[in-house]
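Visitor:
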Amino acid sequence: MMSVSARAKPPRSRVASVSAPPRLDIGPGLASLVFFALSIVYFLPAFLPDRHIFGTDYLAGGYFFFEFVSDRLAAGELPKWVPYVYGGLPLLSNPGSTFYPIRLLADVLLPVTWILPFIFVVQFGIAGLGMYLLARELGCRSWVALLAGLAFEFTGITISSVFAGQDGRVIVATFAPLLFFFLHRGIRTGRVGPFVGAAATTGFSLLSFQIQSNYYLLIAGLIWAVFSLVHLGYHRDMAALGRRVALGLVAVAFGFSLAAVNFLPFIDYVDDSPRGGVGGRGYEYSIGFSMPPAELISVAVPEAPGILDNYQGDNPFKLHTEYLGALVVVLLVLGVRFSRRDRYWLFFAGLALFTLTIAFGGNTPFYRLYYDFLPGTSRFRAPAISFFLFSLSAVAMAAVTLEKMALAKEDHATARRHDSSPEANLGVWFIGIGGVAVAALAFVAASGGGEPTDAARVAGFGRFALFASLTCGALWLWFRERLRDLGIVLILAVVTVIDLWIVDRNFFDTVPPPDQTFAADDVVNFLRSQPGPYRTWVLPIPEAYRGHGNYLMLFDIEQAGGEHGNQLQRYNEFAGAGEEVYVDWSNYLESENFLRAANIRYIVSMTELQTPFLREAHRGSALVYENLNALPRAYLVEEVRTSADTAAALTALEDPTFDPSRTAVVYSAEPLDLPSGPLEGSAEVVESSPDRVVVRTASNREALLVLADNYFDGWTARVNGTPATIERTNHTFRGVVVPEGESEVVFEFRPRDLYVGFYVYLAGMLLLVGYGIWLLARRGRQRVAPAG
């Protein structure tokens with residue numbers, strides 16, 4: 011039986027013969043310098059004067075949340091409630107990377123426009139370093155690990171997420187190899203340090219709040235941990251197994267504690283979200299944006315299905331690429347020759363295939379099983395998001411294969427045989443790879459038409475044939491000892507980076523800075539000149555002003571809509587919940603009562619409207635109509651209908667005879683009795699900030715104050731200093747009973763779970779920093795000790 015000490019040895023490569031030249035050594039310090047330097051160069055245009063990084067989702071919605079969060083932090087406040095979109099919503103509904111340490115550091119050091127590219131610079135540097143460390147842990151020599159790091163740092167699926175500005179997906183994917191490294195190192199050695207690293211990596215990844223990507227990563231991490239325990243033989247030693255399992259569980263628990271600021275308050279939000287219903291939104295919704303199997307060719311030729319505007323696949327659109335690069339594809343093929351008996355290679359091959367069964371979604375029967383039996387899967391959409399695990403697996407397999415080739419090259423006895431020599435066999439493989447690439451290019455060129463997409467496909471096959479040939483040629487010369495290790499590293503590094511960047515640069519762009527891109531126009535100037543508070547609705551049809559994004563949020567103009575994706579479901583229902591989309595605005599489009607009750611005073615339209623209660627108030631880059639019947643933000647009603655039926659308010663508002671200025675529907679099992687008789691009174695918002703609203707009322711009798719801001723747990727109310735109950739009113743708004751006479755009603759948003767999660771998060775971060783300081787101090791003492 012293998013001893014524990016034997017198992018603890020790292021799986022390093024076979025030692026070269028004494029006569030062999032010294033092995034090229036590229037340490038983690040130099041490798042890190044290469045990875046981060048290339049990341050800086052790649053994203054440098056986003057830091058230039060008068061430039062701002064482009065991202066479809068980022069410019070439509072994300073940038074404005076970056077501004078909002080930065081403003082709240084600068085004011086010394088936790089960002090909690092966002093009043094500017096969808097009638098107001100808690101930031102915890104989608105905090106994004108708000109509490110991710112790199113984002114917070116950037117917020118302190120950099121202008122808001124540099125925060126996103128700074129995150130990308132750091133994360134893609136981490137991606138390269140993580141893959142380098144993982145390859146080293148798998149037994150690869152340092153220069154092989156360097157090439158693996160470069161291949162993963164700029165792999166298509168991750169870096170193309172920049173085009174949409176999806177920092178969450180990038181954070182998770184770039185941490186994936188680092189998590190695999192720490193798990194394997196921890197299981198192999200049994201030391202605490204690697205498990206602390208796994209905990210920190212897990213926690214930082216979770217702080218991206220990209221729940222779906224993290225879900226896939228944690229499943230893959232669990233499979234990897236089980237494999238490592240078995241492969242390294244610890245399943246036969248109960249004491250060693252118990253220690254490693256315990257450390258692993260503690261690491262996962264600590265990782266989640268670091269993300270408590272996001273997930274502790276979000277747990278209660280799930281039922282309020284658009285995907286919160288039992289079974290999510292259904293199987294057909296869940297398999298939306300599955301990866302068509304035919305698009306697997308994108309790992310070599312992304313131009314085949316098309317890139318961005320040239321996309322001709324089965325999905326409505328595609329803003330990413332799965333491109334792996336010629337080096338990885340060539341080594342995947344060569345892996346069948348060199349690595350098919352290696353357990354690590356076989357594991358990652360299995361993980362790659364498993365990932366494909368997820369990414370293909372509804373295109374295979376497997377996803378139905380995942381949908382039915384894997385908890386949480388029914389709440390996800392776009393299973394193709396999982397493809398980053400395929401890229402991780404492919405690069406790991408490529409690294410293992412290149413290491414196997416290096417070992418075969420060092421085996422002089424095998425190399426000097428005649429017909430069965432590895433040079434002869436390898437030559438056949440290289441000729442085969444090159445022949446297939448050239449044949450594919452010839453076929454595509456012969457079958458192409460005169461369309462631009464056909465030309466792009468031919469160019470794509472040509473690019474891959476060129477770089478595959480260069481890769482094969484360089485490997486052949488190195489294997490024949492016509493190139494030394496330094497030569498092959500330099501050639502493959504340059505070829506790989508150029509090859510990947512040619513495709514990657516399609517997904518990176520910059521635009522003029524916000525003071526130009528988002529400069530106030532005539533519509534903004536008009537709306538800002540009007541007394542508030544009021545809500546503005548950007549009419550989404552036939553086309554929306556400014557793309558229906560969050561542009562108005564930059565000027566503190568509150569919208570009935572906006573760009574978000576996880577807004578309160580009851581607000582969606584109030585505005586008109588859709589089948590294919592979260593909100594189709596049917597209630598706003600068809601019923602005046604919903605517009606009145608929501609305090610929608612202005613409607614911004616790109617087309618003329620002919621509606622009796624709308625008056626044209628401004629004509630310029632868009633038309634602005636005033637809703638003459640809009641109710642104020644805060645008002646008193648004399649009559650209350652209570653109902654346990656949570657659709658009662660919607661039914662009432664659909665009735666054109668229902669008057670929301672006199673009557674409100676309160677969801678309560680207990681009756682809410684108000685005195686009868688005419689009501690005379692007023693309500694005025696005298697203070698309004700994201701987390702605090704103050705209303706002064708005056709009435710001749712007890713009445714219900716209606717505040718047309720979204721209801722959500724965590725809001726508290728005090729009437730003349732006394733705590734009061736906030737009633738869910740008119741389906742999605744707030745109501746508070748006020749007494750006769752003058753009153754001051756103070757609404758404050760203090761979600762308890764958010765504060766508890768924030769303190770847990772702080773405690774975890776302090777422990778992590780403390781451990782890091784202790785570790786550095788211990789290493790310092792160890793270096794000094796020999797000298798003493």
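Counted from 1, the sequence shown has number 791 at position 781 by the numbering used here; the numbering is strictly sequential.
C-beta atoms are modelled at their ideal positions from N, C-alpha and C, and glycine is treated no differently.
Is GLY258 buried or exposed, if buried means 16 or more other CB atoms sit within 10 Å of its CB?
Guide: Its Cβ being crowded by 16 or more others within 10 Å, GLY258 is buried.
Visitor: Give the straight-line distance between the Cα atoms of PHE400 and PRO666, rounded to the nearest whole angstrom.
Guide: Near 56 angstroms, if we compare the C-alpha coordinates of PRO666 and PHE400.
Visitor: Can you list, in chain order, the residues of its chain with a C-beta nearer than 6 angstroms to that of ILE169? Leave out the 5 residues immediately preceding and following it.
Guide: Same-chain partners within the cutoff: ASP514.
Visitor: Which value, in whole angstroms, describes the spacing of the CA atoms of VAL779 and LEU717?
Guide: Each residue's Cα considered, the two are about 44 angstroms apart.
Visitor: As an exercise, report each continuous beta strand (DSSP E) stretch of at least 3 residues that is fully enclosed by the stretch 263-333, in chain order.
Guide: Listed in chain order, nothing qualifies, since the stretch 263-333 has no complete beta strand (DSSP E) run of 3 or more residues.
Visitor: Considering only residues of the same chain and omitting the five flanking positions on each side of PRO733, which have a CB-CB separation below 8 angstroms?
Guide: Closer than 8 angstroms at Cβ, skipping near neighbours: THR726 and ALA727.
Visitor: Between PHE383 and LEU227, what straight-line distance do the alpha-carbon atoms span, to the nearest angstrom?
Guide: When rounded, the distance between both Cα atoms is 18 angstroms.
Visitor: According to the Cβ coordinates, are LEU356 and PHE173 closer than 7 angstroms?
Guide: No, the pair does not count as a contact, with Cβ atoms beyond the cut-off.
Visitor: Assuming PRO385 contacts ASN576 under a Cβ cut-off of 8 angstroms, what Cβ separation, rounded to an integer in Å, is found between them?
Guide: About 19 angstroms separates the two Cβ atoms, so there is no contact after all.
Visitor: Of all the options SER615, GLY298, TYR52 and GLY470, which has the alpha carbon lying nearest to the alpha carbon of ARG389?
Guide: Of the listed residues, the one whose Cα sits closest to ARG389 is GLY298.
Visitor: Below 7 angstroms between beta carbons: does that hold for ASP763 and PRO121?
Guide: Not closer than 7 angstroms, so no.
Visitor: Starting from the C-beta of GLN792, find all residues in its chain whose C-beta is less than 8 angstroms away, skip the five residues before and the five after it, and write them out in chain order.
Guide: Same-chain partners within the cutoff: there are none.
Visitor: Grouping DSSP H, G and I as helix and E and B as strand, with all else coil, what is GLN526?
Guide: If DSSP states are grouped into helix, strand and coil, GLN526 belongs with the helices.
Visitor: Have a look at THR365 and LEU786 and give me their C-alpha separation to the nearest angstrom.
Guide: Rounded to whole angstroms, THR365 to LEU786 spans 38 angstroms at the Cα level.
Visitor: In whole angstroms, give me the CA-to-CA distance for ALA310 and HIS241.
Guide: Rounded to whole angstroms, ALA310 to HIS241 spans 32 angstroms at the Cα level.
Visitor: Between the alpha carbons of ALA425 and MET415, how many angstroms are there, rounded?
Guide: In this prediction, ALA425 scores a pLDDT of 47, lower than 50, which makes its location untrustworthy; the coordinate-derived value is nonetheless stated afterwards. The straight-line gap from Cα to Cα measures roughly 11 angstroms.
Visitor: Report, in whole angstroms, the separation of the C-beta atoms of GLY149 and GLU420, which I expect to be a contact under 8 angstroms.
Guide: Actually they do not touch by this definition, with Cβ atoms about 14 angstroms apart.
Visitor: Using the Cα positions of LEU537 and GLU626, report the straight-line distance between them to the nearest angstrom.
Guide: Distance between the alpha carbons of LEU537 and GLU626 is about 13 angstroms.
Visitor: Give the secondary structure of THR365 by DSSP, where H, G and I count as helix, E and B as strand, and everything else as coil.
Guide: In the structure shown, THR365 sits in a helix (DSSP, three-state: H, G or I).
Visitor: Please give the ranges of any alpha helix (DSSP H) in the stretch 154-189, keeping only runs that are unbroken, at least 4 residues long and fully inside the region.
Guide: Segments of the alpha helix (DSSP H) lying fully in the stretch 154-189: 166-169.
Visitor: Does TRP784 pass the burial test, meaning 16 or more other C-beta atoms within 10 Å, or should it be called exposed?
Guide: TRP784 comes out exposed.
Visitor: Could you please give the first and the last residue of the uninterrupted alpha helix (DSSP H) stretch that includes SER49?
Guide: Looking at the DSSP string, the run of the alpha helix (DSSP H) that includes SER49 is 38-53.
Visitor: Quick one: any contact between the stretch 337-346 and the stretch 311-327, if contact means 3 or more CB pairs under 8 angstroms?
Guide: The stretch 337-346 vs the stretch 311-327: no contact.
Visitor: Taking C-alpha atoms, which residue in ARG788, LEU684 and GLU694 lies nearest to PRO749?
Guide: Considering only alpha carbons, the answer is LEU684.
Visitor: To the nearest angstrom, report how far apart VAL847 and LEU578 are at their CA atoms.
Guide: Because the chain spans 11 through 798 in this model, residue 847 falls outside it and cannot be assessed.
Visitor: Whole alpha helix (DSSP H) runs in the stretch 693-746 with 4 or more residues, listed along the chain?
Guide: Taking only runs of at least 4 residues, no alpha helix (DSSP H) segment lies wholly in the stretch 693-746.
Visitor: Could you check the C-alpha separation between SER171 and VAL703 for me, to the nearest Å?
Guide: Roughly 38 angstroms separates the two Cα atoms.
Visitor: Which residues mark the beginning and the end of the beta strand (DSSP E) in which THR212 is found?
Guide: That residue, THR212, is in no beta strand (DSSP E); its alpha helix (DSSP H) goes 202-216.
Visitor: Have a look at PHE219, GLY196, ASP525 and LEU217 and flag the residue whose alpha-carbon is nearest the alpha-carbon of GLY252.
Guide: The shortest Cα separation from GLY252 among PHE219, GLY196, ASP525 and LEU217 belongs to GLY196.
Visitor: By Cβ distance below 6 angstroms, which residues in the same chain neighbour VAL696 in space, the five residues on each side in sequence not counted?
Guide: Cβ neighbours of VAL696 beyond the five flanking positions: VAL704 and ARG706.
Visitor: Any contact between the stretch 187-206 and the stretch 64-84? By contact I mean 3 or more CB pairs, one from each, below 8 angstroms.
Guide: Taking 8 angstroms as the limit for Cβ pairs, the verdict is that the stretch 64-84 does not touch the stretch 187-206.
Visitor: Go through its chain and collect everything with a Cβ distance to SER615's Cβ below 6 angstroms, but skip five positions before and after it.
Guide: Taken in chain order, the residues that qualify are LEU549 and LEU633.
Visitor: According to the Cβ coordinates, are GLY818 and ALA269 closer than 7 angstroms?
Guide: In the structure as shown, the chain begins at 11 and stops at 798. Residue 818 is therefore absent and cannot be evaluated.
Visitor: Under the assumption that PHE164 contacts LEU663 (Cβ atoms under 8 angstroms), give the Cβ distance between them as a whole number of angstroms.
Guide: Their Cβ separation, rounded to whole angstroms, is 53 angstroms, which puts PHE164 and LEU663 out of contact at 8 angstroms.
Visitor: For the stretch 99-117 against the stretch 35-51, are there 3 or more C-beta pairs whose distance is under 8 angstroms?
Guide: No, because fewer than three Cβ pairs between the stretch 99-117 and the stretch 35-51 fall closer than 8 angstroms, the two stretches do not touch.
Visitor: By Cβ distance, which residues of its chain are closer than 7 angstroms to PHE759, with the 5 residues on each side in sequence left out?
Guide: Closer than 7 angstroms at the Cβ level, and outside the excluded window around PHE759, lie LYS90, TRP91, ASP701, GLY724 and TRP725.
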